[in-house]
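**Q** Numbering (the numbering used here), first residue to last: 4 to 392.
This is the structure we're talking about:
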């Protein structure tokens, strides 16, 4: 796939032929232990992409009557795509194990995007958020060990380190320090627009998942930990959403999102090791080409512009689904003390008083993220194995 403009010549599967049955939507899940961890990473990521596609299209439909039916047609397919993808996560995953998997997605995918992003400020933003998700993984891994007696590495499969990052207790900022500078739509590379849409959608899904399952825990520390980290995920959605140019029209954002979906399914299909799952990625790649084609037609009709204005030009390599351990370690060593002042990145010593005061009040009755991992060091099999030996 040299250019996405080449993809504009591929119409994909026509919308009227994109059909599902309930049985295939609620199909056989993956194996928690036998499938490669990156198969699960792709599943979680693509569910986030599809649910964000629904969210965006619902938003546009509130502002544009003419687009309501075409958006509803595509949304219905994307609802069923999201179902088929998300139902691949099996009942052998506890909610806390799935949480560990969500953080692995955030770490490995954001690290891949950060290295592939041509805009230095946007890449810095991905590295900044990455170190926070990295610390969330450490806190949840400690919780998994101490609450369920399980080793998080059964989920991570040795791809991702379990050590502290930028401390969760230092993530909570005043909202004025979570707004980022956006790309300029007429100057930004297409991949920059794709990355911003992708990571915003992925973080939005994580936020919603934590908000849904957090209250279901009986353990008071777990309940508070999910509350703490869900709030950080809201900050991340604010941060990554701000990277996008607000002067893009609704339909322009729709076009970019469909291009992102095409690009991501192509990335998944290229690297998937499970043949059954690979067939799903290939099928949905054809479906998304069909959706992109519909978006292009409406873009021409409503804006009187050529979609190639936005979608032409080369795309770099696919998102790489592989362990980014060395890159993450380098970023951790170099940038753990970075903080934000408005849209700028500054040293810890220059963090604004607004964030310090905001954080101090939130933490004034205790911090689950510190309590849950006090003295925690990951070891194979968990803490009890180490104590026994």
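For glycine and all other residues, C-beta sits at the position ideal for the given N, C-alpha and C.
Report all residues from its chain with a CB closer than 8 Å to the CB of residue 186; omit the five preceding and five following residues, and keep chain order.
**A** Closer than 8 Å at Cβ, skipping near neighbours: 122, 125, 195, 196, 199, 246, 247 and 248.
**Q** Quick one: measure Cβ to Cβ for residue 269 and residue 295, integer angstroms, because I've assumed they're closer than 8 Å.
**A** Their Cβ separation, rounded to whole angstroms, is 12 Å, which puts residue 269 and residue 295 out of contact at 8 Å.
**Q** Do residue 243 and residue 51 count as a contact pair if the criterion is CB distance below 8 Å?
**A** No, Cβ-Cβ distance for residue 51 and residue 243 is not below 8 Å.
**Q** With C-beta atoms as the reference, is residue 42 less than 8 Å away from residue 283?
**A** Not in contact: residue 42 and residue 283 (Cβ atoms no closer than 8 Å).
**Q** Could you give the first and the last residue of the continuous beta strand (DSSP E) run that contains residue 342?
**A** Residue 342 -> beta strand (DSSP E) spans 341–344.
**Q** Which residue comes first and which comes last in the beta strand (DSSP E) that contains residue 375?
**A** Run containing residue 375: none; DSSP gives neither H nor E here.
**Q** Between 344, 297, 327 and 161, which lies nearest to residue 130 when the distance is taken from Cα to Cα?
**A** The shortest C-alpha separation from residue 130 is found at 327.
**Q** Out of curiosity, what's the CA-to-CA distance linking residue 3 and residue 23?
**A** Given a span of 4 to 392 for the chain in the structure shown, any question on residue 3 remains unanswerable.
**Q** On the criterion of 16 or more Cβ atoms from any shown chain inside 10 Å, does residue 343 qualify as buried, or is it exposed?
**A** The residue in question, residue 343, is buried, as its Cβ has 16 or more Cβ neighbours within 10 Å.
**Q** Report all residues from its chain with a CB closer than 7 Å to the CB of residue 276; omit the five preceding and five following residues, and keep chain order.
**A** So the list reads 39 and 42, once near-sequence residues are dropped.
**Q** Return the Cβ separation of residue 134 and residue 339 in integer angstroms, given the expectation that the two are a contact with Cβ distance under 8 Å.
**A** Residue 134 to residue 339, Cβ: 6 Å. Contact.
**Q** Grab the span of the alpha helix (DSSP H) containing residue 115 for me, first residue to last.
**A** Counting along the chain, the alpha helix (DSSP H) containing residue 115 begins and ends at 98–119.
**Q** Could you please give the first and the last residue of the uninterrupted beta strand (DSSP E) stretch that includes residue 350?
**A** Residues 347–350.
**Q** Should residue 33 and residue 107 be called a contact, given that it needs their Cβ atoms to be closer than 8 Å?
**A** No, these two residues do not count as a Cβ contact at 8 Å.
**Q** Just to confirm the assignment, what range does the alpha helix (DSSP H) spanning residue 298 have?
**A** Unbroken alpha helix (DSSP H) run through residue 298: 278–306.
**Q** DSSP state of residue 55, grouped into three classes?
**A** Here residue 55 sits in helix by DSSP.
**Q** Is there contact between the region 173–181 and the region 69–86, where contact requires at least three CB pairs shorter than 8 Å?
**A** With a cut-off of 8 Å, the region 69–86 and the region 173–181 do not count as touching, because too few Cβ pairs lie within range.
**Q** What separation, rounded to the nearest whole angstrom, lies between the Cα atoms of residue 220 and residue 27?
**A** One C-alpha to the other measures close to 31 Å.
**Q** Taking 8 Å as the threshold, find out whether the region 135–147 comes into contact with the region 375–387 through three or more Cβ pairs.
**A** A contact exists between the region 135–147 and the region 375–387.
**Q** Hey, quick one: how far does the alpha helix (DSSP H) through residue 268 stretch, first residue to last?
**A** Looking at the DSSP string, the run of the alpha helix (DSSP H) that includes residue 268 is 253–274.
**Q** Sorted by chain position, which residues of the same chain lie with C-beta nearer than 7 Å to residue 102's C-beta, five sequence neighbours on each side aside?
**A** Contacts found: 143.
**Q** Pull up the distance between the alpha-carbon of residue 223 and that of residue 306, whole angstroms please.
**A** Going by the C-alpha atoms only, they are around 53 Å apart.
**Q** Identify which residue in 273, 371 and 137 has its Cα closest to the Cα of residue 229.
**A** Out of 273, 371 and 137, 371 has the C-alpha closest to the C-alpha of residue 229.
**Q** Which first and last residues belong to the alpha helix (DSSP H) in which residue 26 is found?
**A** Start and end: 25–28.
**Q** How is residue 232 classed by DSSP in three states: helix, strand or coil?
**A** If DSSP states are grouped into helix, strand and coil, residue 232 belongs with the helices.
**Q** For residue 298, verify whether its CB is less than 7 Å away from any heavy atom of the ligand ADP.
**A** With respect to small molecules bound, the structure shown includes none, and the ligand ADP cannot be examined in it.
**Q** Can you grab the Cα-Cα spacing for the pair residue 166 / residue 17, in whole Å?
**A** Taking the straight line from one Cα to the other gives about 47 Å.
**Q** Which same chain residues end up closer than 6 Å to residue 57 when comparing Cβ atoms and leaving out the 5 residues on each side of it in sequence?
**A** Cβ neighbours of residue 57 beyond the five flanking positions: 78 and 81.
**Q** Give the straight-line distance between the Cα atoms of residue 211 and residue 233, rounded to the nearest whole angstrom.
**A** Rounded to the nearest angstrom, the two C-alpha atoms are 8 Å apart.
**Q** Give me the Cα-Cα distance between residue 331 and residue 323, rounded to the nearest whole angstrom.
**A** Between residue 331 and residue 323, the C-alpha separation is close to 14 Å.
**Q** For residue 45, which of 91, 12 and 337 has the nearest alpha-carbon?
**A** Looking at the Cα atoms, 91 is the closest of the given residues.
**Q** In whole angstroms, what separates the C-alpha of residue 226 from that of residue 13?
**A** Answer to the nearest angstrom: the Cα atoms are 48 Å apart.
**Q** Is DSSP giving residue 311 helix, strand or coil here?
**A** Three-state result, residue 311: helix.
**Q** At 4 residues or longer, what runs of the alpha helix (DSSP H) sit wholly inside the region 166–208?
**A** The region 166–208 contains no whole alpha helix (DSSP H) run of 4 or more residues.
**Q** At the level of alpha carbons, what is the spacing between residue 104 and residue 267?
**A** Spanning the two alpha carbons is a distance of roughly 19 Å.
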